[in-house]
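Position 158 of the sequence shown, counted from 1, bears residue number 264 in the numbering used here, the numbering being contiguous throughout.
Presented below is the structure to which this report refers.
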Amino acid sequence: MEISANGFRKTSAATFTVLSNLVSDTVSNLEAPQTGGQGQPIGGPFTKFSFETGAVTDSETDWDIAFRGTTIAVNGGTATGTNEEPTRNGNGGATVQNGIFSDITSADGLSFDQDAAGSFAVPAGSGEGWYNYNPATFTVTPIPGRILVFRTHDGKFAKVEIISYYRDAPAEPDAFLNESRVYTFNYVYNPNEGETALE
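Here's what the structure looks like:
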């Protein structure tokens, strides 16, 4: 029997494990360039990110999510068939939730998808995953209330709220003036194995 409460874990043997605090942070200006598009094959390496370090990584194994253009890959599942995608060797997954960021308090009971042939765990395309594309203004904007919850490559949990797809997160992006494919997002990460709390 195991009980978790107030940052401690108690087992039936009456031993305690002190849990690490949740990590809450904002990542600004994470660059996710791509080549091609507009009828040409899309390519270019993905920008990999680790929740454990809170930073971009070049590691082939210790990454959790990866960005290229509007596409987000997870370190779990199999190759999708897209060009230059990273090798997956973890147990990562993702689910898209609707709600207020602070109200997504736990990953318990959520069902996580993994990348697979022909599809990403975070659905691609306007209105499908995290963003809407406006063809009148040529802008990509995060869908309000769309929260991404991730299982990391090593089975821990995090939630992400994407704030902007443009450098320095302008309130009203201009596709002709503001550099795109540059993410700003909030995240909360639980570094404790077996713990699902996200608030």
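For each residue, glycine too, the CB sits at the ideal point set by N, CA and C.
| Asked | Found |
| --- | --- |
| Rounded to whole angstroms, how far is the Cβ of residue 253 from the Cβ of residue 265, which I believe are closer than 8 Å? | 6 Å |
| Go through its chain and collect everything with a Cβ distance to residue 294's Cβ below 6 Å, but skip five positions before and after it. | 128, 130, 265 and 304 |
| Buried or exposed for residue 242, please, with buried defined as at least 16 other CB atoms from any protein chain shown within 10 angstroms of its CB. | exposed |
| Quick one: what does DSSP say residue 173 is sitting in, helix, strand or coil? | strand |
| Looking only at C-alpha atoms, which of 286, 301, 199 and 182 sits nearest to residue 192? | 182 |
| How far does the beta strand (DSSP E) with residue 263 in it extend, from its first residue to its last? | 263-272 |
| Would you check if the distance between the CB atom of residue 273 and the CB atom of residue 189 is smaller than 8 Å? | no |
| So, do the region 209-218 and the region 165-176 have three or more beta carbon pairs nearer to each other than 8 Å? | no |
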